[in-house]
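Visitor: Just dropping this structure here.
Residue numbers (the working numbering): 497 to 607.
Below, the structure is given as structure tokens:
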């Protein structure tokens, strides 16, 4: 259909700009879920990982490590290694934040 009014031309231009964004129209729910699982699998492929969660539409991966296996300096190196592996093995738009969380809890009971 031909754009005959100024508003129609503006709408057509805005629609084209919106469609040009990476992943705007060609990503399906299955592809999205597969990418999230792949991101979590890359993170859990390293030793000392307890859990990994892809969040914020795949823009961040939070990795919980076993504190008895990973010390503070190893956590920093692990974050860098995971980011490097994500860069080399995955296709993704934008950036992905790799967040390694090392938590130690001390629990004692008074009787």
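Beta carbons: idealized from backbone N, C-alpha and C, even for Gly. Bear in mind the structure is a predicted one, so any value in this text is a computation, not a measurement.
Ordered along the chain, which non-local residues of its own chain (more than five positions away) have a Cβ less than 6 Å from that of residue 575?
Guide: Correct list, in chain order: 594, 596.
Visitor: Residue 566: which of 557, 544, 558 sits nearest, CA to CA?
Guide: Ranking 557, 544, 558 by Cα distance to residue 566 puts 544 first.
Visitor: Excluding the 5 residues flanking residue 443 on each side, which residues of the same chain have their C-beta closer than 6 Å to its C-beta?
Guide: This structure cannot settle anything about residue 443, because the visible part of the chain is limited to 497 through 607.
Visitor: In the DSSP assignment, find the alpha helix (DSSP H) that holds residue 581 and state where it starts and stops.
Guide: It spans 568-585 - the alpha helix (DSSP H) in which residue 581 sits, taken as one unbroken run.
Visitor: Terminal residues of the continuous alpha helix (DSSP H) containing residue 529?
Guide: First-last of the alpha helix (DSSP H) with residue 529: 525-540.
Visitor: Within 10 angstroms of the Cβ of residue 550, are there 16 or more other Cβ atoms? Answer buried if so, exposed if not.
Guide: Classification for residue 550: buried.
Visitor: Could you check where the beta strand (DSSP E) with residue 546 kicks off and where it finishes?
Guide: Taken as a continuous stretch (DSSP letters only), the beta strand (DSSP E) holding residue 546 covers 545-551.
Visitor: Thinking C-beta only, is residue 561 closer than 9 Å to residue 598?
Guide: For residue 598 and residue 561, yes; Cβs fall inside 9 Å.
Visitor: Check whether the Cβ atoms of residue 536 and residue 586 lie closer than 9 Å to each other.
Guide: No, Cβ-Cβ distance for residue 536 and residue 586 is not below 9 Å.
Visitor: Using CA atoms only, rank isn't needed, just tell me which of 571, 579, 600 is closest to residue 591.
Guide: Among 571, 579, 600, the Cα nearest to that of residue 591 belongs to 579.
Visitor: In three-state terms, what does DSSP make of residue 601?
Guide: Correct three-state label for residue 601: coil.
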